[in-house]
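Written out below as structure tokens is the structure these notes cover.
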Amino acid sequence: MNLPLLNNLSFLKNFAFFNNSNTPYWIKIQTDQPKCIYYFGPFDNPQEAKLNQDGYVEDLIEEKALGISASVKKCKPKTLTIYEEE
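Numbering-wise (numbering that gives the first Met the number 0), the sequence shown opens with residue 0 and increments by one.
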């Protein structure tokens, strides 16, 4: 039995559920003190996220966080603040 539709599943990319292009951009900020990971977003594109990144970093500096690193990721975080065990 030949099932041409099942032989070529590339048509699934047209559905948002299967299409990674609908995944939003988030700012991921990690701090050493406190040992945390923060996600800020979502943003429609990486440029928008980058424009907002400094503001979030400045807020963490004001809160006396140390060892701050930030990056823009295309993801769907399940938790926005993750406190890591030391």
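Glycine residues also receive a C-beta, built at the ideal position from the N, C-alpha and C atoms. The structure presented is a predicted model; accordingly, all values stated were derived computationally and were not measured.
Between the Cα of residue i and the Cα atoms of the options, which residue gives the shortest distance?
i, options, result
"ALA48", "THR78, THR22, LYS73 and ILE26", "ILE26"
"ASN21", "CYS35, PRO41 and TYR37", "PRO41"
"LYS77", "PHE39, ASP53, PRO33 and THR30", "PHE39"
DSSP puts residue i in a beta bridge; with which residues?
i, result
"ILE36", "GLN29 and ILE81"
"TYR24", "PHE42 and LYS73"
May I ask you to report which of helix, strand or coil DSSP gives residue i?
i, result
"PRO41", "strand"
"ALA69", "strand"
"ALA91", "With the chain represented from 0 up to 85, any question about residue 91 goes unanswered, as that position is not in the structure."
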